[in-house]
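Numbering (this note's numbering), first residue to last: 1208 to 1277.
Glycine is no exception: its CB is placed at the ideal position from the N, C-alpha and C atoms.
Pasting the structure below:
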């Protein structure tokens, strides 16, 4: 699947990182307080249910912003 993803990226957004739906530059929010790229995430449509994304977001919230878990 990674090879197919790279091929699709090269076809749809040559020279840019893409998740197959949203191209890399569109995933950056210029006025955001900080940017936290999470490499190796699931597809754009699967990120809402991704254990990988949840774990990374929890780590960032806990260690960068001091949010305590309940």
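Whether residue i touches residue j by CB criterion (8 Å)
i: residue 1248; j: residue 1260; result: yes
i: residue 1245; j: residue 1269; result: no
i: residue 1267; j: residue 1240; result: no
*Taking the runs of the beta strand (DSSP E) that are 3 residues or longer, which of them lie wholly in the stretch 1246-1272?*
Whole beta strand (DSSP E) segments, 3+ residues: zero.
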